[in-house]
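First residue of the sequence shown: 1, per UniProt numbering; consecutive thereafter.
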Amino acid sequence: MEDHPDIVAVMVGVAVEGPYSYRIPPGMVVTRGSIVAVPLGPRLTLGVVWGPPKDMVAHNRLRDIAQAYDIPPLSEELLKLVDWVARYTLAAPGQVLRAVLRSTEALDTPKPVIAFRRTGHEPEKLTPARLRVLDTLMDDMAWPKAALVGATGVSASVIEGLERAGAVERLEMPPPPVVLPPDPDGAVASLSTAQQQALAEITALDPHQFGVALLDGVTGGGKTEVFFEAVADTLRAGRQALILLPEIALTNTFIARFTKRFGTRPAEWHSDMTPAQRARVWRGVLDGTVRAVVGARSALFLPFRELGMLVLDEEHDGAYKQADGITYHARDMAVVRAHLANARVILSSATPSVETRNNANAGRYAHVLLTSRFAEAALPNITAIDMRVDGPEKGQWIAPLLAREVFAALDRGEQALLFLNRRGYAPLTLCRSCGHQYQCPDCSAWMVEHRFRGVLMCHHCGHEVRTPKVCGACGDTESLTAVGPGIERVAEEAAARFPDARRVILSSDMGSNAQLRERFAEIERGEFDLIIGTQLVSKGHHFEKLSVVGVLDADLGLAHGDPRAAEKTFQILTQVAGRAGRASRTGKAFLQTYHPDHAVMRAMVTGDREAFYAHELLAREAGGLPPFGRLAALIVSANEHDVAMGFAKKLLSAAPMADGVKLFGPADAPIAMVRGRHRVRLLAQSGKDFDLSGYVRFWLGQAEKVTGNLRVQVDIDPMSFM
1 MEDHPDIVAV
11 MVGVAVEGPY
21 SYRIPPGMVV
31 TRGSIVAVPL
41 GPRLTLGVVW
51 GPPKDMVAHN
61 RLRDIAQAYD
71 IPPLSEELLK
81 LVDWVARYTL
91 AAPGQVLRAV
101 LRSTEALDTP
111 KPVIAFRRTG
121 HEPEKLTPAR
131 LRVLDTLMDD
141 MAWPKAALVG
151 ATGVSASVIE
161 GLERAGAVER
171 LEMPPPPVVL
181 PPDPDGAVAS
191 LSTAQQQALA
201 EITALDPHQF
211 GVALLDGVTG
221 GGKTEVFFEA
231 VADTLRAGRQ
241 ALILLPEIAL
251 TNTFIARFTK
261 RFGTRPAEWH
271 SDMTPAQRAR
281 VWRGVLDGTV
291 RAVVGARSAL
301 FLPFRELGML
311 VLDEEHDGAY
321 KQADGITYHA
331 RDMAVVRAHL
341 ANARVILSSA
351 TPSVETRNNA
361 NAGRYAHVLL
371 TSRFAEAALP
381 NITAIDMRVD
391 GPEKGQWIAP
401 LLAREVFAAL
411 DRGEQALLFL
421 NRRGYAPLTL
431 CRSCGHQYQC
441 PDCSAWMVEH
451 RFRGVLMCHH
461 CGHEVRTPKV
471 CGACGDTESL
481 TAVGPGIERV
491 AEEAAARFPD
501 ARRVILSSDM
511 GSNAQLRERF
521 AEIERGEFDL
531 IIGTQLVSKG
541 HHFEKLSVVG
551 VLDADLGLAH
561 GDPRAAEKTF
571 QILTQVAGRA
581 GRASRTGKAF
591 LQTYHPDHAV
601 MRAMVTGDRE
611 AFYAHELLAR
621 EAGGLPPFGR
631 LAALIVSANE
641 HDVAMGFAKK
651 LLSAAPMADG
661 VKLFGPADAP
671 IAMVRGRHRV
681 RLLAQSGKDF
691 DLSGYVRFWL
701 GQAEKVTGNL
711 RVQVDIDPMS
721 FM
């Protein structure tokens with residue numbers, strides 16, 4: 001093949017299956033990983049030089065690279081990660097690359113900061129405002145313009161007047177760093193003997209080699225302090241660290257703890273940041289000035305050059321699964337990235353995922369245990385309330401035993417939490433006269449009443465209408481009734497039962513992230529007595545006065561036919577119960593259940609989580625489910641049900657025969673319509689050593705192509721079966 005050193009393959013940041021060939025214009029120098037702008041159709045598009053050209057296109061038909069950005073090239077491990085994620089998830093490589101490339105703003109040279117310094121020349125006219133500026137500049141230091149205005153209270157025109165008079169001179173200074181480097185030897189934590197042992201097991205992993213540790217510790221066991229010291233060990237080794245959190249709402253408390261330990265804030269990466277902030281962090285990570293990042297799952301694709309540690313706090317959390325676009329799981333991709341970068345991984349959880357726990361059992365991950373709470377705080381006593389025998393009166397949702405315990409906690413000046421993982425006032429609105437049920441017109445889901453806002457809302461597409469006064473089907477004015485409890489209905493009952501308690505409701509749809517963070521801070525300061533919350537309160541929070549937790553529907557997660565239902569229920573119940581008694585107080589947790597003999601409830605009450613994991617692993621193995629098998633979901637959607645079902649049947653008929661693969665469906669998905677699109681599901685199941693991604697790719701390649709409004713979404717390793 002003829003060698004063309006002036007032609008390279010460029011992967012563009014759009015949903016394309018491979019790189020395109022471009023010419024390198026005279027005088028331009030690029031290497032693999034260089035970020036460039038190239039013409040694609042009528043516009044310029046960001047791309048990355050991928051290497052030699054893959055195809056031989058006539059030289060005179062190629063277009064030139066328009067611009068090469070003056071920044072370091074992306075690392076080899078990041079380029080390999082893009083290829084790996086694309087191959088595994090069946091996403092287009094260009095689509096994955098788009099998760100890496102942010103914007104041209106991040107690639108442009110940062111603008112200098114305008115500063116002023118005193119020259120020693122006295123102006124002829126000295127006003128009080130001018131005197132304040134000159135007095136402030138007596139230290140002979142250069143002051144940024146904004147800082148000088150803020151310190152003196154003068155307008156910018158006063159400073160500019162002094163510049164024209166020759167009393168001050170204008171300087172251009174490099175912009176300050178996004179954050180200061182964290183000090184690994186700052187406020188080193190005083191660890192317990194158990195924490196020191198856990199840290200020793202983690203740091204026994206070579207800081208320059210790949211290794212994974214499961215930090216498996218009870219709620220309140222001090223896992224954060226342990227992995228902070230492991231991060232410090234990584235920083236001392238001259239490498240960068242990334243800590244992933246499942247929820248933005250957890251960020252502020254976590255940032256405060258990081259700042260206390262390392263003497264400075266980490267860089268942040270999440271959707272609440274402005275584009276300018278994200279651009280500065282992205283560039284700082286690439287040039288190495290940012291040494292530690294705390295972020296959401298998308299931070300996994302930041303352009304680290306010296307990545308030495310990845311920490312996933314609450315590694316079991318479902319928020320680490322990206323459900324739209326590229327359907328990846330951040331936990332699995334973090335392990336892949338660490339392997340490519342020769343970095344260490346800490347997976348931290350009080351309730352590890354079954355997959356992670358199985359890897360630890362098999363010796364693939366180091367299993368680091370913290371079995372007792374920090375400072376000898378006791379684990380909560382957990383009681384199951386059998387709702388068949390000891391349930392509340394009709395129309396109420398808080399069992400008598402739980403109500404008495406809440407009263408007792410409030411009398412002692414302590415806090416109580418009532419937990420129900422269901423937003424709104426009621427999940428269904430029903431007409432008693434004609435039986436009409438209010439359903440979303442665009443989804444196969446009931447409209448949830450949000451009484452505080454006066455609306456019925458679909459939690460799948462966001463469609464909402466004002467709460468009706470009369471039945472839309474029969475016109476009856478007195479027949480509409482709310483069926484079942486939501487968090488607002490529990491709050492209404494709590495107001496009647498505990499009228500003197502200072503109450504707060506916490507739900508993801510009841511305020512901005514900033515407002516929710518303020519509510520959490522108020523709870524920590526003891527400004528509320530009774531907390532009524534959804535899953536938002538189940539993790540990452542330390543409420544010293546909280547001693548009683550009541551879970552009003554412990555069976556809620558078991559009712560959807562989800563193969564992971566038992567695991568998810570066990571995790572959330574453990575997390576919620578673990579909010580109780582985290583300081584010197586003895587905590588109590590109460591689970592209202594109609595199935596007290598279920599394996600999850602028995603494990604919770606007896607505290608025998610090993611029995612739960614053993615039971616769940618046996619059930620998974622018997623069913624060939626992860627981690628003993630693999631799954632891939634294909635969701636076919638269209639504007640018409642018959643079109644979606646018809647194409648799904650054609651897709652099934654095109655499936656290649658292969659030993660060890662089972663196909664299920666097509667069948668309507670449990671949520672059969674979302675946003676007006678009908679959804680039909682196919683499911684492929686295989687052994688754990690089978691290349692299921694490759695099989696599905698070959699299958700789709702042989703099948704009829706989608707046309708019109710048809711869509712096929714592939715989810716390798718699905719976490720949700722809705």
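The beta carbon of each residue, even a glycine, is placed where N, CA and C say it ideally should be.
ask   = What are the boundary residues of the beta strand (DSSP E) that Ile532 is part of?
value = Against the sequence shown, residue 532 aligns to sequence position 532. First-last of the beta strand (DSSP E) with Ile532: 530–533.
query = For Pro627, which option in Cys474, Met601, Arg564 has the closest C-alpha, if you only look at C-alpha atoms?
reply = Position 627 of the sequence shown, counted from the first residue, corresponds to residue 627. When only C-alpha atoms are compared, the closest one is Arg564.
query = Among Leu244, Pro144, Val113, Gly150, which residue has its Cα nearest to the Cα of Ala129?
reply = Position 129 of the sequence shown holds residue 129. Ranking Leu244, Pro144, Val113, Gly150 by Cα distance to Ala129 puts Gly150 first.
query = Arg675 by DSSP, collapsed to three states: which one?
reply = Locating residue 675 in the sequence shown gives position 675, where the first residue counts as 1. It is coil, neither helix nor strand.
inquiry  = Residues in the same chain with beta-carbon distance under 7 Å from Val96, minus the five sequence neighbours each way, listed in chain order, please.
reply    = Position 96 of the sequence shown, counted from the start, is the residue given in the question as residue 96. Cβ within range, chain order: Val82, Val85, Ala86, Ile326.
query = Roughly how many angstroms lie between the CA atoms of Pro468 and Val455, to the nearest whole one?
reply = Residue numbering aside, residue 468 sits at position 468 when the sequence shown is read from its first letter. Residue numbering aside, residue 455 sits at position 455 when the sequence shown is read from its first letter. Approximately 8 Å between the Cα atoms of the pair.
query = What span of residues does the beta strand (DSSP E) with Thr429 cover, start to end?
reply = By 1-based counting over the sequence shown, the position of residue 429 is 429. Per DSSP, Thr429 belongs to the beta strand (DSSP E) from 428–431.
inquiry  = To the nearest angstrom, how far is the alpha carbon of Ile7 from that of Arg697?
reply    = Counted from its first residue, the sequence shown places residue 7 at position 7. Counted from its first residue, the sequence shown places residue 697 at position 697. In this structure, the CA atom of Ile7 is about 30 Å from the CA atom of Arg697.
query = Taking Ala167 as the reference, which of Arg609, Leu134, Arg677 has the closest Cα?
reply = For the purposes of this step, residue 167 is taken as the residue at position 167 of the sequence shown. Comparing Cα positions, the closest option is Leu134.
message = For Leu573 and Ala554, which I take to be in contact (beta-carbon distance under 8 Å), what is that distance rounded to the nearest angstrom?
response = Position 573 of the sequence shown, counted from the first residue, corresponds to residue 573. Position 554 of the sequence shown, counted from the first residue, corresponds to residue 554. Rounded, the Cβ-Cβ distance is 6 Å, consistent with contact.
ask   = In chain order, which alpha helix (DSSP H) runs of at least 4 residues are fully inside the region 128–216?
value = If we require 4 residues or more, the alpha helix (DSSP H) runs fully inside the region 128–216 come out as 128–136, 145–152, 156–164, 193–203.
query = Considering only residues of the same chain and omitting the five flanking positions on each side of Met102, which have a CB-CB separation below 7 Å?
reply = Indexing the sequence shown from 1 puts residue 102 at position 102. According to the sequence provided, residue 102 is Arg. The question's Met does not apply to it. Counting only Cβ-Cβ distances below 7 Å, and skipping sequence neighbours, we find Arg278, Ala279, Trp282.
request  = Pull up the distance between the alpha-carbon of Gly33 and that of Val48, whole angstroms please.
outcome  = Reading the sequence shown from its first residue, position 33 is the one you call residue 33. Reading the sequence shown from its first residue, position 48 is the one you call residue 48. Answer to the nearest angstrom: the Cα atoms are 6 Å apart.
request  = Pull up the distance between the alpha-carbon of Val179 and that of Thr259, whole angstroms please.
outcome  = Working through the sequence shown from its first residue, we reach residue 179 at position 179. Working through the sequence shown from its first residue, we reach residue 259 at position 259. So the alpha carbons of these two residues sit roughly 11 Å apart.
query = Using CA coordinates, which residue listed in Val483, Ala667, Gly413 is at the minimum distance from Leu430?
reply = Locating residue 430 in the sequence shown gives position 430, counting from the first residue. Closest by alpha carbon: Val483.
inquiry  = Strictly by DSSP, which residues pair up with Leu480?
reply    = Taking the first residue of the sequence shown as position 1, residue 480 is located at position 480. DSSP lists Cys431 as the bridge partner or partners of Leu480.
request  = Could you name the residues that DSSP lists as bridge partners for Asn381?
outcome  = Along the sequence shown, one-based indexing puts residue 381 at 381. DSSP lists Lys588 as partners of Asn381.
key: Start-to-end residues for the alpha helix (DSSP H) that takes in Met601   = Taking the sequence shown and counting its residues from 1, one reaches residue 601 at position 601. That run of the alpha helix (DSSP H) goes 599–606.
Inter-residue CB distance, Thr152 and Thr136 (contact presumed, cutoff 8 Å) = The residue you call residue 152 lines up with position 152 of the sequence shown. The residue you call residue 136 lines up with position 136 of the sequence shown. Correct: roughly 5 Å between the Cβ atoms.
key: Simplified DSSP assignment, three categories, for Ser444   = Against the sequence shown, residue 444 aligns to sequence position 444. Coil.
ask   = Would you call the CB atoms of Cys440 and Cys471 closer than 8 Å?
value = As a first step, residue 440 must be located in the sequence shown, where it is residue number 440. As a first step, residue 471 must be located in the sequence shown, where it is residue number 471. No.
query = Comparing the CB of Arg489 with every heavy atom of the ligand MG, is any distance shorter than 7 Å?
reply = For the ligand MG, the structure offers nothing, since it holds no ligand at all.
ask   = For Ala611, which of Arg43, Val600, Ala267 has the nearest alpha-carbon?
value = For the purposes of this step, residue 611 is taken as residue 611 along the sequence shown, with counting starting at 1. It is Val600 whose Cα lies nearest to the Cα of Ala611.
key: Classification of Gln571 by the beta-carbon crowding that lies within 10 angstroms, buried from 16 upward   = Position 571 of the sequence shown holds residue 571. Label assigned to Gln571: buried.
task = Mark Asp70 as exposed unless 16 or more other C-beta atoms lie within 10 angstroms of its C-beta, in which case mark it buried.
result = Position 70 of the sequence shown holds residue 70. The residue is exposed, with fewer than 16 neighbouring Cβ atoms inside 10 Å.
key: From Asp691, Arg432, Ile114, residue whose alpha carbon lies closest to that of Thr477   = For the purposes of this step, residue 477 is taken as the residue at position 477 of the sequence shown. Considering only alpha carbons, the answer is Arg432.
query = Would you call the CB atoms of Val285 and Pro266 closer than 8 Å?
reply = Here residue 285 corresponds to residue number 285 of the sequence shown, with the count starting at 1. Here residue 266 corresponds to residue number 266 of the sequence shown, with the count starting at 1. No, they are not a contact pair.
query = In its own chain, which residues sit with a C-beta less than 8 Å from the C-beta of Arg364, not counting the 5 before and 5 after it?
reply = For this step, residue 364 is matched to residue 364 along the sequence shown. Closer than 8 Å at Cβ, skipping near neighbours: Val212.
request  = Out of His598, Gln322, Tyr22, point me to the one whose CA is closest to Asp64's CA.
outcome  = The residue you call residue 64 lines up with position 64 of the sequence shown. Looking at the Cα atoms, Tyr22 is the closest of the given residues.
query = Can Arg164 and Ala142 be called in contact, C-beta distance under 8 Å?
reply = For the purposes of this step, residue 164 is identified with residue 164 of the sequence shown, where counting begins at 1. For the purposes of this step, residue 142 is identified with residue 142 of the sequence shown, where counting begins at 1. Cβ distance not < 8 Å, so Arg164 and Ala142 don't count as in contact.
task = State the Cα-Cα distance for the pair Arg519 and Pro176, rounded to the nearest angstrom.
result = Looking up residue 519 in the sequence shown gives position 519. Looking up residue 176 in the sequence shown gives position 176. Whole-angstrom Cα-Cα distance: 33 Å.
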